[in-house]
Amino acid sequence: MRRFWLLFAQAVTIALAVYFVVVTMRPGWLGRSGIGTRVQTVADTASVLQAPALPASGSYRRAAERAMPAVVNILTTKALRQNHPLMRDPFFRRFFGDRLPEDEPLSSLGSGVIVSPDGYILTNNHVIEAADEIQVVLADGRKAAARVIGTDPETDLAVIRIEAEDLPVMVLGHAEQAKVGDVVLAIGNPFGVGQTVTMGIVSALGRNNLNINQFENFIQTDAAINFGNSGGALVDTNGNLLGINTAIYSQTGGSVGIGFAIPVTTAKDVMESIIKTGQVVRGWIGIESQDITPELAASFGLARDSGAIIAGVVRGGPADQAGIKPGDILLVVEGQKVATTADMLNMIARLAPGQKAKMTVMRKDREATVNVTVGKRPRAQ
């Protein structure tokens with residue numbers, strides 16, 4: 004009996020050894036031998052080793068996929084006017100007749116963001132300014148002629164509209180909740196190469212005094228923004244609109260990591276005013292001011308280095324009628340403290356014309372409260 008078990012064990016061992024050799028050296032034999040065990044081929048192995056799809060947490064593709072369809076390319080055409088003095092000479096024109104050079108169209112490009120299923124598009128004023136024709140190219144390839152609804156040169160924003168069905172719309176985000184360090188995506192059509200997404204962070208908030216626009220409260224980002232990105236979208240990691248890309252700081256014309264976007268809160272206010280009235284109506288009190296710097300405070304013996312010092316008052320304007328004088332320091336507008344001239348300008352602009360606004364000024368180290376009947380800000384030319 005013992006000999007029988009030894010022979011059985013040796014037979015099993017030899018059989019397993021043979022099977023191992025066949026599996027290793029000639030796996031195809033098993034398929035032909037009728038053995039039911041499936042052996043992976045090279046193709047099977049390749050499919051097993053294929054990398055799995057990236058999870059949403061490891062990519063910003065979901066934000067891009069959500070936002071990209073609502074970002075459009077804007078093509079504008081302007082006629083090149085023949086302004087040479089000889090062109091205005093009747094004899095010269097009669098002599099050359101039909102051989103006079105005709106106006107040649109100049110084309111430029113930019114980007115825009117669809118923010119309404121009715122076809123309203125936010126973009127920059129400088130993208131469509133003085134354009135004779137505006138064509139919008141959607142992300143899905145559709146093209147549509149656009150008309151200007153209104154512009155606001157003081158914020159460099161414009162609203163245009165197209166007629167089309169089934170338009171993708173971008174959801175408006177909350178720029179006031181953005182923090183330095185937040186990841187953002189810039190979407191547009193740089194240099195006309197086609198729709199492009201770049202990634203960066205919010206580098207700074209509330210940038211002003213850049214002499215780009217009259218009203219400045221920019222989101223600064225290092226997401227690459229180049230020529231053609233103007234009017235495009237700056238979005239958060241959920242694909243919601245945070246701002247309209249408008250300018251870069253560059254000595255070469257290319258991106259150096261300092262770009263600026265108009266916050267969506269400003270863009271929304273401007274858009275709603277344009278759609279409702281055809282223009283942006285802002286408050287105005289008729290003053291010129293400058294920031295109080297530490298140097299200026301020391302020079303004039305001022306006890307504070309914040310606020311806006313009144314440098315000039317328009318004669319007969321709202322501020323003049325309320326008794327505000329040059330040299331006064333504007334401290335508070337309707338309960339809000341004034342830290343800089345930019346703050347003051349934005350606060351007054353948000354006031355409704357005709358409204359009586361309470362303001363606090365400092366004059367010769369004494370604070371005084373004045374009531375100013377707000378006027379309508381003259382439209383920029």
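Its first residue numbered 4, the sequence shown is counted upward by one per residue in our numbering. Ideal Cβ positions, reconstructed from N, Cα and C, are used throughout, including at glycine.
Exposed unless 16 or more other CB atoms sit within 10 angstroms - verdict on residue i
i, result
"threonine 80", "exposed"
"asparagine 374", "exposed"
"arginine 285", "buried"
"isoleucine 313", "buried"
"threonine 199", "buried"
"leucine 348", "buried"
"valine 336", "buried"
"glycine 191", "buried"
"phenylalanine 194", "exposed"
"arginine 380", "buried"
"glycine 68", "Checking the sequence shown, residue 68 turns out to be glutamate, not glycine. Exposed, because fewer than 16 other Cβ atoms sit within 10 Å of the Cβ of glutamate 68."
"proline 329", "exposed"
"alanine 181", "buried"
"glycine 153", "buried"
"glycine 184", "exposed"
"alanine 270", "buried"
"valine 196", "exposed"
"valine 259", "exposed"
"proline 297", "exposed"
First through last residue of the beta strand (DSSP E) which encompasses residue i
i, result
"valine 316", "311 to 316"
"serine 206", "199 to 210"
"leucine 188", "186 to 191"
"aspartate 155", "146 to 155"
"valine 373", "369 to 376"
"methionine 365", "359 to 366"
"valine 140", "136 to 140"
"arginine 164", "160 to 165"
"valine 336", "332 to 336"
Where the alpha helix (DSSP H) through residue i begins and ends
i, result
"alanine 70", "64 to 70"
"glutamine 324", "321 to 325"
"leucine 348", "344 to 352"
"valine 130", "128 to 131"
Residues near residue i by beta carbon distance below 8 Å, same chain, minus five either side
i, result
"valine 377", "Gly286, Trp287, Ile288, Pro321, Ile351, Leu354, Ala355, Pro356, Gly357, Gln358, Lys359, Ala360"
"valine 116", "Ala73, Val74, Val75, Ile124, Leu125, Thr126, Met173, Gly234, Gly235, Ala236, Leu244, Ile247"
"threonine 16", "none"
"glycine 209", "Asn220, Phe221"
"serine 114", "Val74, Val75, Asn76, Ile77, Thr126, Val130, Ile190, Gly191, Asn192, Gly231, Asn232, Ser233, Gly234, Gly235, Ala236, Asn248"
Supposed close pair residue i, residue j - CB separation, criterion 8 Å
i, j, result
"aspartate 155", "asparagine 128", "7 Å"
"alanine 264", "isoleucine 215", "With 8 Å as the limit, alanine 264 and isoleucine 215 do not qualify as a contact, their Cβ atoms being about 11 Å apart."
"valine 130", "isoleucine 77", "6 Å"
"asparagine 212", "alanine 345", "6 Å"
"aspartate 331", "arginine 366", "5 Å"
"valine 187", "isoleucine 163", "Not confirmed; about 24 Å, so no contact."
"glycine 310", "isoleucine 327", "Wrong, their Cβ atoms sit about 13 Å apart, outside the cutoff."
"alanine 142", "methionine 71", "6 Å"
"leucine 175", "valine 118", "7 Å"
"tyrosine 63", "threonine 280", "Not quite, the Cβ-Cβ distance comes to about 38 Å (not below 8 Å), so this is no contact."
"leucine 333", "serine 302", "Actually they are not in contact, since the Cβ atoms of leucine 333 and serine 302 sit about 19 Å apart, beyond 8 Å."
Cβ shell of residue i (< 6 Å), same chain only, five flanking positions each side left out
i, result
"glycine 262", "Thr224, Ile228, Ile251"
"isoleucine 290", "Ile313, Val316, Ala322"
"valine 283", "Asp155, Val273, Ser276"
"threonine 387", "Look at the range of the chain in this structure, 4 to 384, and you will see that residue 387 is not part of it."
"proline 120", "Leu170, Val172"
"alanine 371", "Val364"
"alanine 149", "Ile137, Val139, Ile163, Ile165"
"arginine 318", "none"
"threonine 343", "Asp294"
"arginine 145", "none"
"glycine 242", "Ala66, Arg69, Ala70"
"serine 206", "Gln223, Thr224, Asp225"
Same chain, Cβ closer than 7 Å to residue i, neighbours up to 5 away in sequence not counted
i, result
"glutamine 339", "Met350"
"threonine 268", "Ala178, Glu179"
"alanine 325", "Val373, Asn374, Val375"
"glutamate 157", "Asn216, Gln217, Phe218, Ala383"
"alanine 133", "Lys81"
"glycine 122", "Arg164, Ile165, Glu166, Ala167, Leu170"
"alanine 147", "Val139, Ile165, Glu166, Ala167"
Min CB distance residue i to chain D below 8 Å
i, result
"glutamine 217", "Annotation note: the requested chain D is absent from the structure, which comprises a single protein chain."
Residue i: CB within 7 Å of a non-hydrogen atom of the ligand SAM
i, result
"glutamine 217", "Inclusion of the ligand SAM in the displayed structure is not the case, the ligand content being empty and no account of it being possible."
Which runs of the beta strand (DSSP E) fall wholly inside the stretch 208 to 245 and span at least 3 residues, in chain order? 221 to 224, 236 to 238
Just list the beta strand (DSSP E) runs in the stretch 256 to 300, keeping only unbroken ones of 3 residues or longer that don't cross its boundaries, in chain order. 262 to 266, 290 to 294
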